[in-house]
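In my numbering, the protein residues as written are 34 to 384.
Even for Gly, the Cβ is constructed at its ideal location relative to N, Cα and C.
No experiment lies behind these values; they were computed from the predicted model shown.
Written below as structure tokens is the structure these notes are about.
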Amino acid sequence: MSKQKVIICKNILETLKDIVSKEDYSSIFVLTDTNTAKICLPKLSEVDFLSSAKVIEIPAGDENKNLEHLAYIWQFLSENGATRSSLMINLGGGMITDIGGFAASTFKRGIDYINIPTTLLGTIDAAVGGKTGINFCGLKNEVGVINPADYVLIDPQFFRTLDHQNFLSGYAEMLKHGLISSEEELKKVVNFDLQNIDFDKFTELLKSSIVVKEYFVEKDPKEQNIRKALNFGHTIGHAIESYSHEIGKPILHGYAVAFGMVCELYLSYVKVGFPLPLMRQINALIFENYEKFDFGCKSYDRLYELMRHDKKNISSEINFTLLAGIGNLKINQTATKEEIFEALDFYRDAN
Ligand SMILES: NC(=O)c1ccc[n+]([C@@H]2O[C@H](COP(=O)([O-])OP(=O)(O)OC[C@H]3O[C@@H](n4cnc5c(N)ncnc54)[C@H](O)[C@@H]3O)[C@@H](O)[C@H]2O)c1
Ligand SMILES: [Zn+2]
Numbered sequence: 034m035s036k037q038k039v040i041i042c043k044n045i046l047e048t049l050k051d052i053v054s055k056e057d058y059s060s061i062f063v064l065t066d067t068n069t070a071k072i073c074l075p076k077l078s079e080v081d082f083l084s085s086a087k088v089i090e091i092p093a094g095d096e097n098k099n100l101e102h103l104a105y106i107w108q109f110l111s112e113n114g115a116t117r118s119s120l121m122i123n124l125g126g127g128m129i130t131d132i133g134g135f136a137a138s139t140f141k142r143g144i145d146y147i148n149i150p151t152t153l154l155g156t157i158d159a160a161v162g163g164k165t166g167i168n169f170c171g172l173k174n175e176v177g178v179i180n181p182a183d184y185v186l187i188d189p190q191f192f193r194t195l196d197h198q199n200f201l202s203g204y205a206e207m208l209k210h211g212l213i214s215s216e217e218e219l220k221k222v223v224n225f226d227l228q229n230i231d232f233d234k235f236t237e238l239l240k241s242s243i244v245v246k247e248y249f250v251e252k253d254p255k256e257q258n259i260r261k262a263l264n265f266g267h268t269i270g271h272a273i274e275s276y277s278h279e280i281g282k283p284i285l286h287g288y289a290v291a292f293g294m295v296c297e298l299y300l301s302y303v304k305v306g307f308p309l310p311l312m313r314q315i316n317a318l319i320f321e322n323y324e325k326f327d328f329g330c331k332s333y334d335r336l337y338e339l340m341r342h343d344k345k346n347i348s349s350e351i352n353f354t355l356l357a358g359i360g361n362l363k364i365n366q367t368a369t370k371e372e373i374f375e376a377l378d379f380y381r382d383a384n
């Protein structure tokens with residue numbers, strides 16, 4: 034897998050112009066959702082070559098990251114003369130970069146694509162690393178391919194229009210990057226003032242957080258080994274996320290990951306000796322900022338079932354990445370049903 038070029042842009046229009054002028058694209062398509070078409074697309078409209086680009090718009094929201102909209106994108110490309118040498122630009126959050134990356138990777142067996150993530154979560158997590166796909170049969174990201182974008186162009190200006198919840202959703206992944214890398218990185222993230230956001234300071238933080246993701250992706254693009262570090266908080270987090278959708282009270286991915294981290298820090302403490310004071314500090318930060326998702330013990334069996342469907346499982350056992358300390362990774366760990374239920378109890382009792 035070739036390394037994708039991740040660029041934090043000072044002037045995204047110039048960067049985009051430079052990239053596109055080097056290639057001889059037969060046509061350019063820009064994929065947006067209903068919100069990014071209004072909020073983000075006008076910021077790119079000054080680039081003359083984009084005035085002739087065709088805009089594909091799909092409805093916003095993860096529930097639309099499905100086969101129907103994937104087929105719509107393929108059909109739009111097909112009916113509007115896309116060829117093997119067309120370019121697709123995905124302008125949006127993780128929903129758009131996931132479905133757009135998958136559409137581009139499969140249309141005529143693959144065309145070039147660029148991700149311009151416009152949410153923090155999309156930037157920190159979804160747009161970098163090459164995982165693309167759609168939800169299928171009620172399961173998140175059930176069908177997809179790993180195929181990195183040619184470029185990921187990041188412009189922190191886009192985050193200024195995000196609501197606080199979507200900001201926090203991305204911040205949870207930054208917290209994860211701190212926990213799986215180093216004390217220095219974690220300190221920077223934990224000390225960032227979430228109430229009065231300083232966007233210049235934030236851009237610096239963003240850079241080092243992306244370096245953490247790139248480090249693991251480069252070492253192990255196909256997630257056979259060390260890339261599993263990035264799954265910390267996601268085994269239980271994904272189950273909570275899917276469950277929240279099932280019961281019609283959807284929570285954002287980063288919120289689910291934050292709650293998944295509370296549970297998996299507990300498992301880390303119990304099973305591999307993660308330090309208790311640090312676990313308490315991280316939990317306090319999460320509960321101070323993220324409105325708790327409530328569920329009762331009657332939901333445990335369903336949550337457990339969802340974990341059993343997780344793509345990360347190698348055998349019938351549920352696969353976890355745990356931490357013995359900051360950056361002290363313990364991949365391919367398992368936990369019994371009782372231990373998992375205990376971790377869910379711990380989450381529900383914590384505040
Ligand atoms: N591929 C991966 O590795 C990976 C990793 C994590 C998450 N994901 C996927 O990413 C998705 C979640 O990403 P997300 O949180 O970015 O969701 P999203 O793309 O649905 O965006 C969240 C909301 O913000 C709006 N929005 C986008 N940019 C905006 C802006 N600049 N200003 C204001 N509003 C804006 C969107 O229209 C949407 O309503 C899920 O589908 C998840 O499965 C993929
Ligand atoms: Zn994630």
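Among the candidates the options, whose CA atom is the shortest distance from the CA of residue i?
i	options	result
I179	L186, K173, G166	G166
Q37	Y248, S214, Y58, G127	Y248
L153	S332, D188, E56, G162	D188
S85	G94, H102, V63, L100	V63
K141	S111, I149, N123, G125	S111
E372	I364, N44, Y299, N322	Y299
T25	E218, Y276, F353	No answer is possible for residue 25: the residues shown for the chain start at 34 and end at 384.
L355	M340, G329, C296	C296
K331	N148, S60, L377	L377
G177	D183, R117, F169	F169
E338	V303, A383, A317, E279	E279
V305	Y276, N264, N361, K344	N361
K55	A70, T151, F82	F82
F379	D66, S215, I61, F328	F328
V303	T67, E375, N264, H271	E375
D51	D66, A70, V80, S60	V80
M340	H267, I319, V222	H267
I40	T116, A93, T156	T156
V250	P181, G126, S275	P181
M312	Y333, I351, A357	A357
I243	K255, V222, Q257	V222
D253	K164, S215, K43, S349	K164
Residue j and residue i - do their beta-carbons sit closer together than 8 Å?
i	j	result
W107	A136	yes
R193	F235	no
L336	I273	yes
G293	I315	no
H342	L172	yes
I364	A262	yes
L124	L74	yes
N322	L238	no
I149	I122	yes
T130	A159	yes
L186	I147	yes
L208	I359	no
G162	M128	no
V88	T65	yes
S277	A289	yes
G78	S119	The displayed chain sequence assigns Ser, not Gly, to residue 78. Not a contact, by the Cβ cut-off of 8 Å.
T151	T48	no
E218	S202	no
N264	K325	no
F307	A383	no
Provide the residue(s) that pair with residue i in DSSP beta bridges, ordered along the chain.
i	result
N123	L64, N148
F353	Q366
I72	Bridge partners of I72: none, in fact.
E218	None, per the DSSP bridge assignment.
N361	G358
V88	V63
I45	I45 is not bridged to any residue.
F169	L172
V39	V185
K164	I179
Any beta strand (DSSP E) of 3 or more consecutive residues that is wholly inside the region 174 to 199: 184 to 187
Neighbourhood of ligand 2 [Cβ distance below 6 Å to any heavy atom], ordered by chain position: D158, E206, H267, H286, V290
I'd like the ranges of any alpha helix (DSSP H) spanning at least 4 consecutive residues and lying wholly in the region 230 to 260. 232 to 252
Of all the alpha helix (DSSP H) runs that stay within the bounds of the region 278 to 324, which reach a length of 4 or more residues? 286 to 305, 309 to 322
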